[in-house]
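Residue numbers (the numbering used here): 18 to 228. All C-beta atoms in this analysis are idealised placements derived from N, C-alpha and C, irrespective of residue type, glycine included. Working notes, structure below.
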């Protein structure tokens, strides 16, 4: 058993796969409460609700969708998440055990470089695009910690990238842009077809009213 674990736990139902001789399960989407329960199996972890009063995150709310990869001992090793708000589907973070300086001491193992984040995003992206289209709201991702390759990946997915929030996309709500701008954060925005269709219909209606 690799890493600082205290025992084994049940592995949630999901898609099982092999990677570097180890067995993992991709799970999701799940609720934030379920994620916290599994995340805190690591003995030094302290996962708390993202929507708490002292939360430093850009996007937070009550409706979360989380995808994660769990090892054969029931511990999560990577996750991606979004939160659905009334005006955007906002990024709620991506995380791989080993990706921060404190992780070697906390976890005793590093799962970077396994392609886990890409696997998770392949599940997340079609789900949230469909949700955005249904609700007619944009997807906004906070990408300041992402590499050039990942920024290029989001561009290929139909997102527009705005470095350091230097410009406001017309479809990002002002309240979210203000937070990103204050933090000097790079963001990506995806506008679903349903929003574009609504705007086109409104424009056509406005033209008719002027005649």
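Item to check | Inter-residue spacing [alpha-carbon to alpha-carbon] between residue 37 and residue 88 | outcome: 12 Å
Item to check | Residues near residue 128 in its chain [Cβ-Cβ closer than 7 Å; skip 5 each side] | outcome: 94, 95, 113, 114, 115
Item to check | Option nearest residue 31 by Cα separation, candidates 83, 198, 171, 53 | outcome: 83
Item to check | One or two residues paired with residue 132 in a DSSP bridge | outcome: None, per the DSSP bridge assignment.
Checklist entry - Going by the beta-carbon positions, is the gap between residue 185 and residue 194 smaller than 8 Å? => result yes
Item to check | Nearest-angstrom Cβ-Cβ length linking residue 145 and residue 106, presumed shorter than 8 Å | outcome: 5 Å
Next on the checklist: With H, G and I counted as helix, E and B as strand and the rest as coil, what does DSSP make of residue 189?
Outcome noted: coil
Item to check | 6 Å CB neighbourhood of residue 141 in its chain, flanking five on each side removed | outcome: 84, 97
Checklist entry - In whole angstroms, what separates the C-alpha of residue 133 from that of residue 39? => result Taking the CA atoms as reference points, residue 133 sits about 13 Å from residue 39.
Checklist entry - Got a sec, what are the start and stop residues for the beta strand (DSSP E) residue 96 sits in? => result 93–101
Next on the checklist: What would DSSP say about residue 201, mapped onto helix, strand or coil?
Outcome noted: coil
Next on the checklist: Here's the rule I'm using: 16 or more other beta-carbon atoms within 10 Å means buried, otherwise exposed. How should residue 67 be labelled?
Outcome noted: So residue 67 ends up on the buried side.
Item to check | C-alpha gap between residue 118 and residue 99, whole angstroms | outcome: 24 Å
Checklist entry - Going straight from the alpha carbon of residue 14 to that of residue 26, what length do you get? => result The question about residue 14 has no answer, for the chain in this structure spans 18 to 228.
Item to check | Expected contact under 8 Å - CB spacing of residue 189 and residue 157 to nearest Å | outcome: 6 Å
Next on the checklist: If the criterion is Cβ atoms closer than 8 Å, does the pair residue 150 and residue 210 meet it?
Outcome noted: yes
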